[in-house]
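Trainee: Residue numbers (the numbering used here), protein chains in the order written: chain A, 10 to 397; chain B, 4 to 258; chain C, 988 to 1118.
Note that beta-carbon positions come from the ideal geometry of N, C-alpha and C, so glycine has one too.
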Amino acid sequence: MSVCEKALVGGRRYWAWIGALLAVILVGVLFYLRQLHVGLGITGLSRDVTWGLYIAQFTFLVGVAASAVVVVLPYYLHDYHAFAKITILGELLAMSAVVMSLLFIFVDMGQPERALNVILYPTPTSIMFWDMISLGGYLVLNAVIAGLTLGAERRGVAPPRWLRPIVVLSIPWAVSIHTVTAFLYSGLPGRHLWLTALLAPRFLASAFASGPALLILLAMIVRRLASFDPGREAIQKLSVIVTYTMVVNVFFVLMEVFTVFYSGIPEPMAHFEFLFVGLEGHAPLVPWMWASMALAVISLVLLLTPRYRTDERTLAAACGMVFASVWIDKGLGLIVGGFVPSPLGDVTRYVPTLPEISITLAIWAVGVLLVTLLCKIALAVRGEPAGA
Amino acid sequence: MSLDRRAFLGVAGLSALAVAGTRSLDALTRRGRAEGASEARAATRWAMVVDPGKCRKDDGCTGCIAACDRAHNVPHFSERAHEVKWIWREPFDRAFPDHGGSLPEDAARSQSVPVLCNHCDNPPCVRVCPVQATWKRADGIVMMDYHRCIGCRYCMAACPYGARSFNWLDPRPRIKEPNPEFPTRTKGVVEKCNFCEERLALGRPPACVEACTEGALVFGNLKDPRSEVRRLLRSRHALRRKPELGTGPNVYYLV
Amino acid sequence: MNDRGLILGGLLLFVGLITLPVWYNVAAGTPSRPPELKLPAQGKDPFGTAEYMRASHMSLLVAWRDEVVRGGERTVVGRDGKTYAKSLTRTCMDCHSSRAEFCDRCHGYTSARVSCWDCHADRRLAEGSAR
């Protein structure tokens, strides 16, 4: 039996779950066909806010993909054995996140049939070119590492020796994907919210908080649904990592706030005002941004208190809050906030439309489906006796 | 020969990658050679000088805008979100946020100026385009190739002047008087002012310059010391939009 | 192998299904005819023989397109020694004057959709409707 066929074995609940995901995907596909026919005008995007939900999800998900490094590095480089079981989950999550981010780029394109122009006319001056290389490479690296590790396990032998340099390469590569993604924004003159050298470090800190938080939740779900326990020690160690990266993330945000407001330079200040108090009577993101701040603070209180961190129920809640907080900050505020006010001072309303939201949900469903199938395969391999 | 399914897929995948890779390498080593820049162009740097004092903005004159829209099939969308603009009018303090005085009755505030693509010396839009659908010609014109644009809108994020527009919808139904001599655009590509390169090739001035009866728009070669633009810039002080960003705009506004 | 029957049967069914349009036309007695093009009365292939143009007109147009837009080289000397503008809507369509009776006939027959007309105007059509 081929490895992939293991995804086709499951109970009624498994198939109901797969069916529900496929239904969400189908709705999104139908809306995408409409977008293809009518144009991106069916989204809430405009001449001033040219990137929105799609590109924001892309940015957020590249972070989730990069965060696999927080389990890969201790496990492979420092032989930290508590991460032996959770590492494979991290790699599968990273692969799914890369696929999702590539899909988000694709649905944002005005001329998707010309997508291969990026390869036919490679342009090293464009950060988008490097982003494509780093994301594609990262997907291949993770697929090779996870595939060979699982394959070796299935046959009950050690993975090939030449896999180790590839694993080591994947560590700086993970950092590079999110750094390059930050460079997409931080190198643009005249976009003052993004024009800061702190953007890449901030991206990495928020990614290394939200990604492992998601991984903890995934581990808890997998433990409940399958006979696979990544281990309490692994989850606890990850929670410490989430704690410190979230502290660093909030610290970085406060650094930005200080520099922007103490210097008092109007352009960068206007973006923060739009996000946190509203500008010219427009305050669509204000409740979101304050919710993100509140979630960050509450989650930090929970995470920094050992009693709550070690209790897995409060830990799960804290991880959910970290994920939500960073998603709002990166998946809504950072991209839309960078376009308002526009270079000419316009404060433009951006509200995602139903088609836009449906397509976004569909891509998330693709990611969840991928995680489900990949976990199913991986755990089936792990579950069966070696050599079977 | 024994070849199982997995090995077959592996070999097929690697072969596809190798083909794509050689194509890319090819293109990389070829770069810069194909964009034939002739000697005549290198001796030219097209620029525009705007004299806001001569512009008849008070009686609502939009001659330059209408001429451009007609010449280039610029569509008219009533909803602001989908607007397409090549040359348009902006209040002075929005076009020049760093030059406004502090008093509300400041003379400059009541003025509006025509704005368009600045055809920068160091254009951020060109730098970020992942497919070279926009590039800088030797004569200074920042060109667009609508055949190649993938519609990623990175150039719109990069332009600090808001000079670029995206075709959110099919523009054709929104073109008032179609001009069959110039192509329209299709949905999903970015467009902007091209300094009327199609007219320059025939030795004619840009449509907006020709349409302005007041002589408020002057067009010429910055590398020619005897040109009208050079004469104006020698004799009068001129501003450029956001020069601190290092983009090097080629549209000047006389004070 | 015990599922040989299933595999072969499935393959046969698949081949049958994808060739269905052919059988349908044979059965209905409507075999396809190659398209009849309306050719210009005068002119003598300034850019290549009919065979060459039939096989490679798209490459020629793409080359012209890149040379005009990206290289600024707007004219070409034909085989007849005359200078022509590298223009689909002018040079080509000056003689092949009807898009519907020339371009569309073959492209419709082979179901090869082109995007030329999304942006470039079929000038005669545009002028006709303007009058």
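Which of helix, strand or coil does DSSP assign to B/K139?
Mentor: Note: B/K139 maps to strand in three-state DSSP.
Trainee: Taking 8 angstroms as the threshold (beta carbon to beta carbon), is B/R130 in contact with chain A?
Mentor: By this cut-off, B/R130 is an interface position.
Trainee: Would you mind sorting B/P209 into buried or exposed? The rule is 16 or more other CB atoms within 10 Å of its CB.
Mentor: By the neighbour-count rule (16 or more Cβ atoms within 10 Å), B/P209 is buried.
Trainee: Does chain F have any CB closer than 8 angstroms to the CB of B/N253?
Mentor: Included in the structure are the protein chains A, B and C, with no chain F among them.
Trainee: For the putative contact between B/G66 and B/T216, defined by C-beta atoms under 8 angstroms, what is the C-beta separation to the nearest angstrom?
Mentor: Contact holds; Cβ gap of about 7 angstroms.
Trainee: Mind listing, in chain order, the continuous alpha helix (DSSP H) runs of no fewer than 4 residues lying wholly within the stretch 141-187 of chain B?
Mentor: Here the runs fully enclosed are 157-161.
Trainee: In chain order, what residues of the same chain lie with their CB nearer than 6 angstroms to the CB of A/A243, ignoring the 5 residues before and after it?
Mentor: The residues are A91, F92, I95.
Trainee: Helix, strand or coil, according to DSSP, for A/N151 in the structure here?
Mentor: Residue state, collapsed to three classes: helix.
Trainee: Name the one or two DSSP bridge partners that B/W91 has.
Mentor: The partner list for B/W91 (beta bridge, DSSP) reads B/V118.
Trainee: Determine whether the beta carbon atoms of B/K190 and B/S168 lie at a separation below 8 angstroms.
Mentor: No, the pair does not count as a contact, with Cβ atoms beyond the cut-off.
Trainee: Using the rule of at least 16 other Cβ atoms within 10 Å of the residue's Cβ for burial, across every protein chain shown, is B/E253 buried or exposed?
Mentor: For the sequence presented, residue 253 of chain B should be read as Asn rather than Glu. Its Cβ being crowded by 16 or more others within 10 Å, B/N253 is buried.
Trainee: Expressed to the nearest angstrom, what Euclidean distance is found between the alpha-carbon atoms of A/Q66 and A/A326?
Mentor: Their Cα atoms are separated by approximately 22 angstroms.
Trainee: Could you name the residues of the stretch 56-76 of chain B whose beta carbon sits closer than 7 angstroms to any beta carbon of chain C, in the order they occur along the chain?
Mentor: From the stretch 56-76 of chain B, no residue has a Cβ closer than 7 angstroms to chain C.
Trainee: Is A/N258 helix, strand or coil when you go by DSSP?
Mentor: Three-state result, A/N258: helix.
Trainee: Tell me the residue span of the beta strand (DSSP E) that contains B/L220.
Mentor: Segment 220-224, the beta strand (DSSP E) holding B/L220.
Trainee: With the cut-off set at 8 angstroms, would you say B/I153 and B/N197 are in Cβ contact?
Mentor: No. Outside cutoff.
Trainee: Within 8 angstroms of any Cβ in chain C, is that where the Cβ of B/Y256 sits?
Mentor: With 8 angstroms as the cut-off, B/Y256 does not count as an interface residue toward chain C.
Trainee: So, for A/V257: in the same chain, excluding its five sequence neighbours on each side, which residues have a beta-carbon less than 6 angstroms away from its beta-carbon?
Mentor: Here the set comprises A214.
Trainee: Which residues, taken in chain order from the stretch 199-212 of chain B, show a beta carbon closer than 7 angstroms to some beta carbon of chain C?
Mentor: So the close ones are A204.
Trainee: Could you check whether the Cβ of B/W171 sits closer than 8 angstroms to any Cβ belonging to chain A?
Mentor: For B/W171, the answer is yes, since a Cβ of chain A falls inside 8 angstroms of its Cβ.
Trainee: Taking A/Q120 as the query, report the chain B residues whose CB atoms sit under 7 angstroms from its CB, ordered along the chain.
Mentor: Within chain B, the residues near A/Q120 are C152, I153, G154, G191, V192.
Trainee: Please report the residue range of the beta strand (DSSP E) in which A/V78 lies.
Mentor: Segment 78-81 is the alpha helix (DSSP H) holding A/V78; no beta strand (DSSP E) there.
Trainee: Between the stretch 116-135 of chain A and the stretch 146-160 of chain B, do at least 3 Cβ pairs fall closer than 8 angstroms?
Mentor: Yes: the two stretches touch, three or more of their Cβ pairs being nearer than 8 angstroms.
Trainee: Please tell me whether A/V251 and A/P221 are closer than 8 angstroms, where the distance is taken between their beta carbons.
Mentor: Yes. Within cutoff.
Trainee: Over the uninterrupted alpha helix (DSSP H) stretch that includes A/Y194, give me the two end residues.
Mentor: Element bounds for A/Y194: 172-195.
Trainee: Looking at chain B, which residues of the stretch 133-167 of chain A have a Cβ within less than 8 angstroms of any of its Cβ atoms?
Mentor: Listed by position along the chain: P133, T134, S135, I136, M137, F138, M141.
Trainee: So for B/A3, helix, strand or coil by DSSP?
Mentor: In the structure as shown, chain B begins at 4 and stops at 258. Residue 3 of chain B is therefore absent and cannot be evaluated.
Trainee: Helix, strand or coil for C/A1014 per DSSP?
Mentor: DSSP places C/A1014 in helix when its eight states are reduced to three.
Trainee: In chain order, which alpha helix (DSSP H) runs of at least 4 residues are fully inside the stretch 302-336 of chain A?
Mentor: Counting whole runs of 4 or more residues, the stretch 302-336 of chain A contains the alpha helix (DSSP H) stretches 315-319.
Trainee: So, with DSSP's three-state summary, where would you put A/L157?
Mentor: It is helical.
Trainee: Quick test of the definition: if touching needs 3 or more C-beta pairs under 8 angstroms, does the stretch 317-333 of chain A touch the stretch 221-237 of chain A?
Mentor: Result yes; three or more Cβ-Cβ pairs closer than 8 angstroms.
Trainee: Could you run through the stretch 172-189 of chain B and flag, in chain order, every residue whose CB is less than 7 angstroms away from some CB of chain C?
Mentor: Within the stretch 172-189 of chain B, the qualifying residues are P181, P183, P186, T187, R188, T189.
Trainee: Can you tell me whether C/Q1029 is buried or exposed? The criterion is at least 16 other CB atoms within 10 Å of its CB, across all chains shown.
Mentor: Answer is exposed; the Cβ neighbour count stays below 16.
Trainee: Where B/A160 and C/K1025 are concerned, what is the direct C-alpha to C-alpha distance, given to the nearest angstrom?
Mentor: Roughly 48 angstroms separates the two Cα atoms.
Trainee: Whose C-alpha, out of C/S1085, C/T1006, C/H1094, C/C1103, is nearest the C-alpha of C/R1041?
Mentor: Closest by alpha carbon: C/H1094.
Trainee: State the DSSP-derived secondary structure class of A/M118, mapped to helix, strand or coil.
Mentor: Coil at A/M118, not helix or strand.
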